[in-house]
Amino acid sequence: MTVRKNQAALSAEEKRAFTSALLELKRTGTYDRFVTTHNGFIMADTDSGDRVGHRSPSFLPWHRRFLLEFEAELQKVDPKVSLPYWDWSADRTTRSSLWAADFLGGTGRARDGQVLDGPFASANGKWAINVRVDGRAYLRRALGAGVAELPTKAEVDAVLNMPVYDMAPWNSSSNGFRNHLEGWRGANLHNRVHVWVGGQMGTGVSPNDPVFWMHHAFVDKLWAEWQARNPKSAYLPAAGTTNVVDLHDTMRPWNDVTPADMLDHRKFYTFDTEPVPAAASQR
Amino acid sequence: MNMITRRQALGTTAGALTVLGIAGATAHAAATDSRASLPTGTVDEVYQGRRIQITPGGGGHHGGHHGGGHDGLPTVRIDGSELHVMRNADGTWISVVNHYETFADPTSLARAAVRELQGAVLAPFAPMGGTA
Chain A
1 MTVRKNQAAL
11 SAEEKRAFTS
21 ALLELKRTGT
31 YDRFVTTHNG
41 FIMADTDSGD
51 RVGHRSPSFL
61 PWHRRFLLEF
71 EAELQKVDPK
81 VSLPYWDWSA
91 DRTTRSSLWA
101 ADFLGGTGRA
111 RDGQVLDGPF
121 ASANGKWAIN
131 VRVDGRAYLR
141 RALGAGVAEL
151 PTKAEVDAVL
161 NMPVYDMAPW
171 NSSSNGFRNH
181 LEGWRGANLH
191 NRVHVWVGGQ
201 MGTGVSPNDP
211 VFWMHHAFVD
221 KLWAEWQARN
231 PKSAYLPAAG
241 TTNVVDLHDT
251 MRPWNDVTPA
261 DMLDHRKFYT
271 FDTEPVPAAA
281 SQR
Chain B
1001 MNMITRRQAL
1011 GTTAGALTVL
1021 GIAGATAHAA
1031 ATDSRASLPT
1041 GTVDEVYQGR
1051 RIQITPGGGG
1061 HHGGHHGGGH
1071 DGLPTVRIDG
1081 SELHVMRNAD
1091 GTWISVVNHY
1101 ETFADPTSLA
1111 RAAVRELQGA
1121 VLAPFAPMGG
1131 TA
């Protein structure tokens, strides 16, 4: 069984295996297919139209499935690899070991935002940005420039305590847990982290930065923690909602998986620290 | 981090505002001549050395691209290349280069894109890499 670990606890060998597998997926072209898929959904998901990957209830199950598919590709390269998660409420500075040269590399230089160290620096010749929204083919970051602070534990806690999964109109204006976690409303968790990293992470082609997977692995863990805290709360909406993926509707692009299939992460992986249920009742 | 960039950006903005004054005067002169019939909301300005053009969307098609059901969106161009923009339910705006950060209006959105691009050209409207 795959165990997803906090990135801060990875050994040097685990970091090396993870970054090597990323570079191999990049070399074969598999990596860029994921970037293309994500950008396609980002541009097509709208508040008033069909919406699947973002700004909708299926934001969480869609990304869970997307990460599972990506992790499976990593494991074809190296079966020992799993997706680490980045708890940005704890590792919240540019001095975190996450950004060291033996892992993801650091922020970009002021002049053009180019990342200059680590395995994904352009000069190494192994991380060309091919799926892009502008002419720049190098990985860029501006850690902490677009917004000063990453979310705090208190802000995360407040969102985890919201008892209703999602609410009409099921989009970026919704109240409830999903939209507060996604960040279109309230203290802003997920969206703010994209902005804090900057560079490609702030754009529709955000999976170009490998930190995308570790950010979303933590967002995914927060969903699991919310379930543990709110065992009587269910995915919503249940059925019959126009333009929105109901509990038993299939999700594009796979068309053979529903939010209901994604509710229990333990069918696929566990976390190094599993969320502890708030009550004995089964969800 | 990157406070130098922000200070530089602010400095550039102050310079660009001076240029904007000139560009605005020119645009106004043009408007009183032949462009007076353009709908309100049209923007044509130079910001940090880039030309931003915004034309309001009509009720019908606007280029026939992405099927988001968002007819009526304005077309935003930077140096002639179209920037993909979206409107949120609360009336705020995002673009493909600032996708996780909302802006009050298309002009603020376009200016943020110019700052983000740092001189780079926008890629053709469809993302590179095809439709996969």
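Top to bottom, those sequences are chains A and B. The opening residue of the first sequence carries number 1 in this note's numbering; numbering runs sequentially from there. The opening residue of the second sequence carries number 1001 in this note's numbering; numbering runs sequentially from there. Beta carbons: idealized from backbone N, C-alpha and C, even for Gly. Given the structure is predicted, the values throughout are model-derived calculations rather than measurements.
Exposed or buried, what is residue 12 of chain A when buried is set at 16 or more other beta-carbons lying within 10 Å of its beta-carbon? exposed
Between which residues of its own chain and residue 227 of chain A is the CB-CB distance below 8 Å, once the five residues before and five after are set aside? 233, 263, 275, 283
Leaving out five residues before and five after residue 1041 of chain B in sequence, what residues of the same chain have Cβ atoms less than 6 Å from its Cβ? 1056
If you drop the 5 nearest sequence neighbours on each side, which residues of the same chain put their C-beta closer than 7 Å to that of residue 210 of chain A? 22, 104, 120
Within the same chain, show all residues whose beta-carbon is closer than 6 Å to that of residue 1097 of chain B, passing over the 5 residues directly before and after it, in chain order. 1113, 1116
Along the stretch 1088-1102 of chain B, where does the CB come closer than 7 Å to a CB of chain A? Name the residues. 1088, 1089, 1090, 1096, 1097, 1098, 1099, 1100, 1101
Does DSSP put residue 1069 of chain B in a helix, a strand or coil? With a pLDDT of only 37 at residue 1069 of chain B, under the threshold of 50, the placement of this residue in the model should not be trusted; the figure read from the coordinates follows. Coil, per DSSP.
Exposed unless 16 or more other CB atoms sit within 10 angstroms - verdict on residue 1 of chain A: exposed
When you compare only the Cα positions, how much space is there between residue 1091 of chain B and residue 157 of chain A? 28 Å
8 Å contact criterion, which residue 203 of chain A and residue 1099 of chain B should meet: CB distance rounded: 6 Å
Please list the partners that residue 1109 of chain B has in chain A, where partner means a Cβ-to-Cβ separation under 9 Å. Those within 9 Å of residue 1109 of chain B in chain A number zero; the least Cβ separation is about 13 Å.
Of all Cβ atoms in chain A, is any one closer than 7 Å to the Cβ of residue 1073 of chain B? no
Is there a C-beta anywhere in chain A that falls below 7 Å from the one on residue 1118 of chain B? yes
Chain B contacts made by the stretch 102-130 of chain A, where a contact means CB separation under 7 Å: 107, 110, 112, 113, 130
Counting only runs of 4+ residues fully inside the stretch 169-217 of chain A, write out the alpha helix (DSSP H) ranges in chain order. 177-182, 190-197
From the DSSP output, which residues share a beta bridge with residue 115 of chain A? A/108
Closer than 7 Å, CB to CB, is residue 1114 of chain B near chain A or not? no
Selection from A/219, A/61, A/82, A/60 that minimises the alpha carbon distance to residue 70 of chain A: A/82
Use the C-beta contact count for residue 26 of chain A: other C-beta atoms within 10 angstroms, 16 or more gives buried, fewer gives exposed. buried
Is the separation between the beta-carbon of residue 65 of chain A and that of residue 269 of chain A shorter than 7 Å? no
Could you confirm whether any beta carbon from chain B is found closer than 7 Å to the beta carbon of residue 43 of chain A? yes
Under 9 Å between beta-carbons, which chain A residues line up against residue 1123 of chain B? List them in chain order, please. 132, 133, 134, 135
Per DSSP, what kind of secondary structure is residue 31 of chain A in: helix, strand or coil? helix
According to the Cβ coordinates, are residue 108 of chain A and residue 99 of chain A closer than 7 Å? no
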